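> My structure is below; once you've seen it, I'll send some questions.
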Amino acid sequence: MDIKTYVTEKATKAKAAARKLAVLSSSVKNAALIKMADELVARAPTLLSANAKDLEEAKRRGLSKTMTDRLTLTPKRIEEMAAGLREVAALPDPVGEVIKMVRRPNGIQVGRVRVPIGVIGIVYESRPNVTADAAGLCLKAGNAVVLRGGSEAIHSNAALVTILSDAGAAAGLPEGCVAFLDNPDRLAVIEMLKLDTLIDLIIPRGGEGLMKMVTENSKIPVIKHDKGLCHTYVDEGADIVMALAICFNAKVQRPGTCNAMETLLVHEKIAPAFLPRMILKFQKAGVEIRGCPKTRAIVPGIREASEEDWTTEYLDLILSVKVVKNMDGAMEHIARYGSQHSEAIITQDYGRSRRFLNEVDACAVFVNASTRLNDGYQFGLGAEIGISTSRIHARGPMGLEELTTTKYIVLGEGQLRE
Numbered sequence: 001m002d003i004k005t006y007v008t009e010k011a012t013k014a015k016a017a018a019r020k021l022a023v024l025s026s027s028v029k030n031a032a033l034i035k036m037a038d039e040l041v042a043r044a045p046t047l048l049s050a051n052a053k054d055l056e057e058a059k060r061r062g063l064s065k066t067m068t069d070r071l072t073l074t075p076k077r078i079e080e081m082a083a084g085l086r087e088v089a090a091l092p093d094p095v096g097e098v099i100k101m102v103r104r105p106n107g108i109q110v111g112r113v114r115v116p117i118g119v120i121g122i123v124y125e126s127r128p129n130v131t132a133d134a135a136g137l138c139l140k141a142g143n144a145v146v147l148r149g150g151s152e153a154i155h156s157n158a159a160l161v162t163i164l165s166d167a168g169a170a171a172g173l174p175e176g177c178v179a180f181l182d183n184p185d186r187l188a189v190i191e192m193l194k195l196d197t198l199i200d201l202i203i204p205r206g207g208e209g210l211m212k213m214v215t216e217n218s219k220i221p222v223i224k225h226d227k228g229l230c231h232t233y234v235d236e237g238a239d240i241v242m243a244l245a246i247c248f249n250a251k252v253q254r255p256g257t258c259n260a261m262e263t264l265l266v267h268e269k270i271a272p273a274f275l276p277r278m279i280l281k282f283q284k285a286g287v288e289i290r291g292c293p294k295t296r297a298i299v300p301g302i303r304e305a306s307e308e309d310w311t312t313e314y315l316d317l318i319l320s321v322k323v324v325k326n327m328d329g330a331m332e333h334i335a336r337y338g339s340q341h342s343e344a345i346i347t348q349d350y351g352r353s354r355r356f357l358n359e360v361d362a363c364a365v366f367v368n369a370s371t372r373l374n375d376g377y378q379f380g381l382g383a384e385i386g387i388s389t390s391r392i393h394a395r396g397p398m399g400l401e402e403l404t405t406t407k408y409i410v411l412g413e414g415q416l417r418e
């Protein structure tokens with residue numbers, strides 16, 4: 001079978017499944033998600049065996065430590081995937097929710113109701129957990145899903161989809177509602193992006209190369225989950241102990257994620273007291289620091305930051321540091337170099353915290369909290385399908401509501417237009 005036919009058949013089955021999913025009861029969908037969660041745990045040895053093949057290939061290809069970490073499955077991570085599915089099952093079902101209903105002067109009632117989007121295509125890299133999260137969220141919101149993970153995780157993803165599909169079918173979900181393109185050829189993605197009559201929305205998750213390829217080739221609307229060039233600004237008079245803890249968490253807790261801090265901005269008046277302690281703490285954790293001239297004057301011996309550093313999403317234990325004159329300087333830097341993902345201020349000044357919240361343009365803005373908190377779980381959405389940096393129709397962590405659209409419903413008693 002040629003690639004075009006292969007992809008089209010998968011999407012056609014997903015389209016047929018989407019019509020059935022759209023009218024399934026919440027109880028059926030919830031039971032299916034719980035069954036999927038149980039099967040992931042029960043069949044963990046199968047998943048770990050498949051993942052071992054991907055890890056062996058990653059070693060052969062020389063993938064970085066960060067990329068390998070994102071690829072790795074462990075019993076704990078499998079439990080976390082299962083927990084995510086159970087959380088989604090416990091969330092209110094958005095499908096069928098009437099958002100607004102008004103009676104017009106002629107007596108008709110006009111309202112809007114949440115409905116599934118239809119078929120959602122997910123193109124992603126590295127992390128096998130995306131497979132479970134994306135499938136669970138799409139199914140709960142009544143959508144079929146076509147998954148295309150990266151070649152580096154092909155064995156893990158294939159095993160995951162088999163388990164999820166078997167469990168879903170046993171619980172009453174329609175055949176084809178979770179489709180997986182297991183052909184590693186890049187042409188499979190290109191063909192997928194042409195199927196605007198079968199797939200309703202594309203969500204890419206990955207690096208700049210993936211985003212560029214998808215947006216340039218897609219005939220289908222795209223919601224981008226773009227790079228996270230995230231900043232933390234330590235303001236004049238900030239609580240230094242708090243700042244040390246927040247900045248360390250934002251960079252070190254899991255550096256390979258899109259909400260990890262990549263640039264630290266520090267007010268010039270607090271920099272002499274704060275930076276030596278902060279940089280020492282980072283260096284003890286293995287973080288490579290790249291600093292501006294003022295940073296290097298305060299803490300000698302660190303590498304000079306280049307212009308490229310301010311535009312780089314490291315996804316690694318590397319951090320660029322800049323001393324700024326004031327908060328306006330920090331916000332100007334963020335506006336110039338940021339990716340509108342996650343931005344944070346650490347301050348004790350209420351007025352400046354309000355200004356930062358109002359003036360910084362990002363899908364999530366934080367006061368006295370780590371950027372690592374920009375996450376569906378942390379925001380109470382359950383498992384997320386990703387963090388949208390687009391403005392239409394969803395922005396920030398995408399949970400169930402963001403995977404629905406609306407339609408108008410009109411209730412009349414014989415009214416005609418005059």
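Numbering (the numbering used here), first residue to last: 1 to 418. The C-beta atom is built at its ideal place from N, Cα and C for all residues, glycine as well. Computed from a predicted model, the values in this text were never measured in an experiment.
(1) Answer yes or no: do I223 and D182 have a C-beta to C-beta separation smaller than 8 Å?
(2) By the three-class DSSP mapping on this structure, what secondary structure does C419 have?
(3) Inspect the beta-carbon positions of K13 and E191 and report whether they are closer than 8 Å.
(4) For A369 and I345, what's the separation of their Cα atoms in angstroms?
(5) Near R86, which residues of its chain fall below 8 Å by C-beta distance, leaving aside the five closest residues on each side in sequence?
(6) Suppose the cutoff is 8 Å on Cβ atoms and the five residues either side in sequence are ignored; what does the same chain contact list for K420 look like?
(7) Keeping to the same chain, check which residues put their C-beta closer than 6 Å to that of D93; ignore five residues upstream and five downstream.
(8) Please list the terminal residues of the continuous beta strand (DSSP E) segment that includes E288.
(9) Determine the DSSP secondary structure at A17, reduced to helix, strand or coil.
(10) Work out the CA separation of E384 and G376 for me, nearest whole Å.
(11) Under the assumption that G118 contacts A18 (Cβ atoms under 8 Å), give the Cβ distance between them as a whole number of angstroms.
(12) CA-CA distance, G172 and C138?
(13) Could one say the Cβ of P221 lies closer than 8 Å to chain B's Cβ atoms, at least one of them?
(14) Would A169 and V146 qualify as a contact pair, given that the criterion is a beta-carbon distance under 8 Å?
(15) Whose CA, out of L40, D349, W310, lies closest to the CA of S156?
(16) Determine the contact status of N259 and C230, defining contact as a CB-CB distance below 8 Å.
(17) For K419 and T8, I'd like the C-alpha separation in whole angstroms.
(18) Who does K100 pair with in a DSSP beta bridge?
(19) If we call anything under 8 Å between Cβ atoms a contact, is N374 one with I387?
(20) Excluding the five sequence neighbours on either side, which residues of its own chain have a C-beta within less than 8 Å of the C-beta of K281, listed in chain order?
(21) Evaluate the contact criterion for the stretch 318 to 330 versus the stretch 199 to 213: three or more CB pairs, one atom per stretch, below 8 Å.
(22) Is the number of C-beta pairs between the stretch 326 to 334 and the stretch 289 to 309 that are closer than 8 Å three or more?
(23) With a floor of 3 residues, list each beta strand (DSSP E) that falls wholly inside the stretch 146 to 178, ordered by position along the chain.
(24) Can you tell which of V189, L187, L198 has its C-alpha closest to the C-alpha of C177?
(25) How many angstroms separate the CA atom of P293 from the CA atom of F274?
(26) Is the CB-CB distance between V102 and R114 below 8 Å?
(27) In terms of alpha-carbon separation, which member of L264, T72, G62 lies closest to A50?
(28) Could you tell me the alpha carbon to alpha carbon distance between V28 and T389, rounded to whole angstroms?
(29) I'd like the ranges of any alpha helix (DSSP H) spanning at least 4 consecutive residues and lying wholly in the stretch 310 to 355.
(30) What residues in its chain sit with their C-beta under 7 Å from that of N106, if we drop five residues either side in the sequence?
(31) Taking the alpha helix (DSSP H) that E262 falls in, what are its first and last residues?
(32) Going by DSSP, name the residue or residues bridged to K407.
(33) Given this structure, state the Cα-to-Cα distance separating W310 from A335, to the nearest angstrom.
The short version:
(1) no
(2) Residue numbering for the chain in the displayed model covers 1 to 418; residue 419 lies beyond these limits and cannot be assessed.
(3) no
(4) 8 Å
(5) L33, I34, A37
(6) Residue numbering for the chain in the displayed model covers 1 to 418; residue 420 lies beyond these limits and cannot be assessed.
(7) S26
(8) 288 to 291
(9) helix
(10) 5 Å
(11) 5 Å
(12) 16 Å
(13) In the structure shown, chain B cannot be found, because there is only a single protein chain.
(14) no
(15) L40
(16) yes
(17) Outside the modelled stretch of the chain, which goes from 1 to 418, sits residue 419, for which no answer is possible.
(18) R112
(19) yes
(20) L244, F248
(21) no
(22) no
(23) none
(24) L198
(25) 16 Å
(26) no
(27) T72
(28) 32 Å
(29) 327 to 337
(30) Q415
(31) Not the alpha helix (DSSP H): E262 falls in the beta strand (DSSP E), residues 261 to 267.
(32) V113
(33) 12 Å
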